[in-house]
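Novice:
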Amino acid sequence: MEMIAGDVHAHGYGWAGVWSAVASLIFLWSMVQQYLPAQLEEYLTALTRRLQAAITPYVTISIDEHVPDSFGRSEAYLAAEAYLSATCASGARRLRADLAADSDRMSVAVDDHEEVVDEFRGAKLWWRKTKTLPRGNVISWSAHEEERRTYCLTFHQRHRGLVDALYLPHVLAEGRAATVRNRQRRLFTNNPSSDWSGYDARVWSHVKLEHPSTFATLGMDPDKKRDIIDDLEMFRDGKDYYASVGKAWKRGYLLFGPPGTGKSTMIAAMAKYLDYDVYDLELTSVKNNTELRRLFIETKGKSIIVVEDIDCSIDLTGKRKKKKKKSSKKKSKSGDKRKKVPPAPGGGKDEENKVTLSGLLNFIDGLWSACGGERIIVFTTNHKEKLDPALIRRGRMDVHIEMSYCCFESFKVLAKNYLHVADHELFHEIQQLLGEVNMTPADVAENLMPKSKKKDVDTSLARLVKALKEAKEEALAKALAGAEEKEETEDDDEEDDTSSSEEEENGKNKKLYLPAKWEE
Ligand SMILES: Nc1ncnc2c1ncn2[C@@H]1O[C@H](COP(=O)(O)OP(=O)(O)OP(=O)(O)O)[C@@H](O)[C@H]1O
8 MEMIAGDVHA
18 HGYGWAGVWS
28 AVASLIFLWS
38 MVQQYLPAQL
48 EEYLTALTRR
58 LQAAITPYVT
68 ISIDEHVPDS
78 FGRSEAYLAA
88 EAYLSATCAS
98 GARRLRADLA
108 ADSDRMSVAV
118 DDHEEVVDEF
128 RGAKLWWRKT
138 KTLPRGNVIS
148 WSAHEEERRT
158 YCLTFHQRHR
168 GLVDALYLPH
178 VLAEGRAATV
188 RNRQRRLFTN
198 NPSSDWSGYD
208 ARVWSHVKLE
218 HPSTFATLGM
228 DPDKKRDIID
238 DLEMFRDGKD
248 YYASVGKAWK
258 RGYLLFGPPG
268 TGKSTMIAAM
278 AKYLDYDVYD
288 LELTSVKNNT
298 ELRRLFIETK
308 GKSIIVVEDI
318 DCSIDLTGKR
328 KKKKKKSSKK
338 KSKSGDKRKK
348 VPPAPGGGKD
358 EENKVTLSGL
368 LNFIDGLWSA
378 CGGERIIVFT
388 TNHKEKLDPA
398 LIRRGRMDVH
408 IEMSYCCFES
418 FKVLAKNYLH
428 VADHELFHEI
438 QQLLGEVNMT
448 PADVAENLMP
458 KSKKKDVDTS
468 LARLVKALKE
478 AKEEALAKAL
488 AGAEEKEETE
498 DDDEEDDTSS
508 SEEEENGKNK
518 KLYLPAKWEE
């Protein structure tokens, strides 16, 4: 094919008959190619390349989709693909369509075995996309994994200097820019270790990330929010700074606090703000430390890698927790959650406990973790105190963010979001009650949510006041019952130096349920 193209380009424009014959040959060749056995096609392609090199003044550069001994798709290939889609696809006859980043239109890319022409500073360049099927043309479950695609760039040898010095850097820069323009944020999740045949399939699969949360809709103390945004900006724009201080370009965030205080919501807001992908790592599905490392390597830059409820996946000794059945989606009172663990391939007990604390530490800041850069790692937990200090020390988890119960400032954000109201006569009472009662932003939001299309602000706020009062009464009754019980079972001294069991149960982050007046 290249030889034919080379001849055509070399001899310029001749008879119409010659053109038509060449066009027929090209068409015939592309048809025949689709039905050729893989090895034969490979052989013919290599032969034509050798012939071309011997008799034509044309040079061909190949850009393979996968580079040997490296993980993932080659960046040069991805850049070439994006460049050709953005600049030359209109000249192609066979294109492949897919949903574009915004999902409102189709985007097209050059199809396999198709050729397009580009022009750069007076030089003509031919791009051709080839596909090689697996050796032996084996039709197997994972056959598509072994297809190899290559972009071949052909040009006259007199343009060699121009291509090396200017054209290839131009393709790379334009391709990267096009990738950023077309970027659709994605939410990845790790697949179980292997498919039924034992073949190691793709490690991540993804869907479009569509979470609507932003920092504007996130209810939390405004100063704290500003600090987090500043920190994220510093990180995003800090490539040179990180390089200058000799630190890998990554940052760890630990989000801790009771269920329903907005930890997941915060991650979505962070991803939206930075325009990053999210990799939701289900640690309990990971076979061992090697697989964990592979998962990390397969993540791309500009991403947030999330391990939710880290205390439920790794225990203090560094061993993975045993499988536990999730009885229901609802969490227990203390917010403890246990994730369902899929059966480990191979099934043996030994297979189960192979992601260790040291493996996880390596994942966060081992040598491999520096690959690629621009990654944020987020751990969430309801029980910070249960985590190994080594796991969350500064340098690993650089920023610790406490997500707490709803304060008045958070409430105001939620009221604005849910009811479009900035002030109301009930606000004062709500402020007082929120100072006395712990209620999660999730519960506040649920009470604010209009229950009919009418969106009656008064009704929603009154419902919240009622819920807060009920919570206060319930807490008061509980505290009274607890105090009475204590009086019966403990002597006065013991009562003085221990905090109430209620307080202990709720953890140190919780303020007392009791109204301040009653406490005195
Ligand atoms: N701070 C907040 N600001 C705005 N909405 C919130 C906030 N916290 C919770 N919500 C609302 O409550 C819902 C549940 O919150 P989210 O899942 O983020 O909590 P979480 O802390 O991650 O809980 P868990 O520990 O159970 O995973 C969210 O979908 C959101 O609507």
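Offset between the sequence shown (1-based) and this note's numbering: plus 7. Heads up, the beta-carbon is just placed ideally off N, CA and C, and yes, glycines get one too.
Following a CB-centred definition, is K270 positioned closer than 6 Å to any heavy atom of ligand 1?
Specialist: Within the sequence shown, residue 270 is the residue found at index 263, counting from 1. Yes - ligand 1 has a heavy atom lying nearer than 6 Å to the Cβ of K270.
Novice: Any idea which residues DSSP pairs H427 with across the strands?
Specialist: Against the sequence shown, residue 427 aligns to sequence position 420. H427 is not bridged to any residue.
Novice: Any heavy atom of ligand 1 within a distance shorter than 6 Å of the CB on A116?
Specialist: On the sequence shown, position 109 is the one that residue 116 refers to. Not one heavy atom of ligand 1 is found less than 6 Å from the C-beta of A116.
Novice: Measure the CB-CB distance between L421 and V444 and report whether it falls below 7 Å.
Specialist: Numbered from 1 along the sequence shown, position 414 holds the residue referred to as residue 421. Numbered from 1 along the sequence shown, position 437 holds the residue referred to as residue 444. Contact: no.
Novice: For L299 versus N197, is the C-beta distance shorter than 7 Å?
Specialist: Against the sequence shown, residue 299 aligns to sequence position 292. Against the sequence shown, residue 197 aligns to sequence position 190. Cβ distance not < 7 Å, so L299 and N197 don't count as in contact.
Novice: Given Q164, which residues of its chain have a CB within under 8 Å of its CB, disregarding the five upstream and five downstream residues?
Specialist: As a working note, residue 164 is residue 157 in the sequence shown. The residues are P64, Y65, V66.
Novice: Check for me: the beta strand (DSSP E) holding F195 runs from which residue to which?
Specialist: Here the question's residue 195 lines up with position 188 in the sequence shown. That run of the beta strand (DSSP E) goes 193-197.
Novice: Quick one: Cα of R243 to Cα of W134, how far?
Specialist: One-based indexing of the sequence shown puts residue 243 at position 236. One-based indexing of the sequence shown puts residue 134 at position 127. Looking at the two C-alpha atoms, the distance is approximately 35 Å.
Novice: How would you call H166, buried or exposed, if buried means at least 16 neighbouring beta carbons within 10 angstroms?
Specialist: Reading the sequence shown from its first residue, position 159 is the one you call residue 166. Buried, because 16 or more other Cβ atoms sit within 10 Å of the Cβ of H166.
Novice: Return the first residue and the last residue of the beta strand (DSSP E) that I399 is part of.
Specialist: As a first step, residue 399 is located in the sequence shown; it is residue number 392 there, counting from the start. Counting along the chain, I399 falls outside any beta strand (DSSP E), though it belongs to the alpha helix (DSSP H) covering 396-399.
Novice: Taking all protein chains shown into account, do 16 or more other C-beta atoms lie within 10 angstroms of the C-beta of T297, making it buried, or fewer, making it exposed?
Specialist: Looking up residue 297 in the sequence shown gives position 290. Label assigned to T297: exposed.
Novice: Secondary structure at K254, three-state DSSP: helix, strand or coil?
Specialist: Taking the sequence shown and counting its residues from 1, one reaches residue 254 at position 247. The answer is coil: DSSP assigns K254 none of H, G, I, E or B.
Novice: Note the first and the last residue of the continuous beta strand (DSSP E) segment covering T387.
Specialist: If you number the sequence shown from 1, residue 387 lands on position 380. Its beta strand (DSSP E) spans residues 382-388.
Novice: Can you give me the start and stop residues for the alpha helix (DSSP H) that H177 sits inside?
Specialist: What you label residue 177 is simply residue 170 of the sequence shown in a count that begins at 1. Following the DSSP letters along the chain, one finds H177 inside the alpha helix (DSSP H) bounded by residues 175-188.
Novice: How about the stretch 479-490 and the stretch 462-469: do they share at least three Cβ pairs that are nearer than 8 Å?
Specialist: Result no; under three Cβ-Cβ pairs closer than 8 Å.
Novice: I need the straight-line Cα distance from L58 to C159, nearest angstrom please.
Specialist: On the sequence shown, position 51 is the one that residue 58 refers to. On the sequence shown, position 152 is the one that residue 159 refers to. Going from the Cα of L58 to the Cα of C159 covers about 16 Å.
Novice: With the cut-off set at 7 Å, would you say D405 and R183 are in Cβ contact?
Specialist: As a working note, residue 405 is residue 398 in the sequence shown. As a working note, residue 183 is residue 176 in the sequence shown. Result no, Cβ atoms of D405 and R183 do not sit closer than 7 Å.
Novice: Could you check whether the Cβ of L529 sits closer than 6 Å to any heavy atom belonging to ligand 1?
Specialist: Nothing can be reported for residue 529, as the shown portion of the chain is limited to 8 through 527.
Novice: Is there at least one non-hydrogen atom of ligand 1 closer than 6 Å to the beta-carbon of P448?
Specialist: The residue given as residue 448 occupies position 441 in the sequence shown. Checking the Cβ of P448 against ligand 1 gives yes.
Novice: Considering only C-alpha positions, which residue in the set Y286, Y283, R155, A53 is nearest to E72?
Specialist: Start at 1 with the first residue of the sequence shown, and residue 72 comes out as number 65. Checked all of Y286, Y283, R155, A53; the closest Cα to E72 is R155.
Novice: Just grab the DSSP bridge partners of K215 for me.
Specialist: Working through the sequence shown from its first residue, we reach residue 215 at position 208. Bridge partners of K215: R193.
Novice: Who are the Cβ neighbours of E611 in its own chain at under 7 Å, not counting the five residues just before and after it?
Specialist: One cannot answer for residue 611 here, as it falls past the ends of the chain, which runs 8 to 527.
Novice: Could you check what DSSP says for D282 in three-state terms: helix, strand or coil?
Specialist: Locating residue 282 in the sequence shown gives position 275, where the first residue counts as 1. Reduced to three states, the DSSP call for D282 is coil.
Novice: Quick one: is the Cβ of P219 within less than 6 Å of any heavy atom of ligand 1?
Specialist: Taking the first residue of the sequence shown as 1, we reach residue 219 at position 212. Not so, every heavy atom of ligand 1 lies at least 6 Å from the Cβ.
Novice: Since I believe P265 is in contact with T139 (beta carbons under 8 Å), could you give me their beta-carbon distance rounded to a whole number of angstroms?
Specialist: Here residue 139 is taken as the residue at index 132 of the sequence shown, counted from 1. Here residue 265 is taken as the residue at index 258 of the sequence shown, counted from 1. With 8 Å as the limit, T139 and P265 do not qualify as a contact, their Cβ atoms being about 54 Å apart.
Novice: Comparing the CB of D238 with every heavy atom of ligand 3, is any distance shorter than 6 Å?
Specialist: With respect to ligand 3, the structure offers nothing, as its ligand set consists of ligand 1.
Novice: Pull up the distance between the alpha-carbon of Y84 and that of V385, whole angstroms please.
Specialist: If you number the sequence shown from 1, residue 84 lands on position 77. If you number the sequence shown from 1, residue 385 lands on position 378. The alpha-carbon atoms of Y84 and V385 are separated by roughly 30 Å.
Novice: Pick out the complete alpha helix (DSSP H) segments inside the stretch 403-483, 4 residues or longer, and give them in chain order.
Specialist: 415-426, 434-443, 448-455
Novice: May I ask which residues mark the beginning and end of the alpha helix (DSSP H) holding D237?
Specialist: Working through the sequence shown from its first residue, we reach residue 237 at position 230. First-last of the alpha helix (DSSP H) with D237: 229-243.
Novice: Starting from T297, follow the alpha helix (DSSP H) in both directions and report where the run begins and ends.
Specialist: Stepping through the sequence shown from its first residue, residue 297 is reached at position 290. 296-304 is the extent of the alpha helix (DSSP H) around T297.
Novice: Closer than 6 Å to a non-hydrogen atom of ligand 1 - does that hold for the CB of L225?
Specialist: As a first step, residue 225 must be located in the sequence shown, where it is residue number 218. Yes - ligand 1 has a heavy atom lying nearer than 6 Å to the Cβ of L225.
Novice: Cα-Cα, which of I408, E453, V472 is closest to W233?
Specialist: By 1-based counting over the sequence shown, the position of residue 233 is 226. Before going further, note that residue 233 is Arg rather than Trp in the sequence given. For R233, the nearest C-alpha among the options comes from I408.
Novice: Would you say D119 faces chain C, with C-beta separation under 7 Å as the test?
Specialist: Considering every chain present, this structure includes no chain C. It has just one protein chain.
Novice: Around the Cβ of D430, are there at least 16 other Cβ atoms within 10 angstroms (buried) or fewer (exposed)?
Specialist: Translated into the one-based positions of the sequence shown, residue 430 becomes position 423. Answer is exposed; the Cβ neighbour count stays below 16.
Novice: Tell me which residues share the same chain as R80 and place their Cβ nearer than 8 Å to its Cβ, disregarding the 5 neighbours each side in the sequence.
Specialist: For the purposes of this step, residue 80 is taken as residue 73 along the sequence shown, with counting starting at 1. For R80, where only same-chain residues beyond five positions count, the Cβ hits under 8 Å are E72, H73.
Novice: Do you know offhand how far L426's Cα is from H177's?
Specialist: Here the question's residue 426 lines up with position 419 in the sequence shown. Here the question's residue 177 lines up with position 170 in the sequence shown. Going by the C-alpha atoms only, they are around 50 Å apart.
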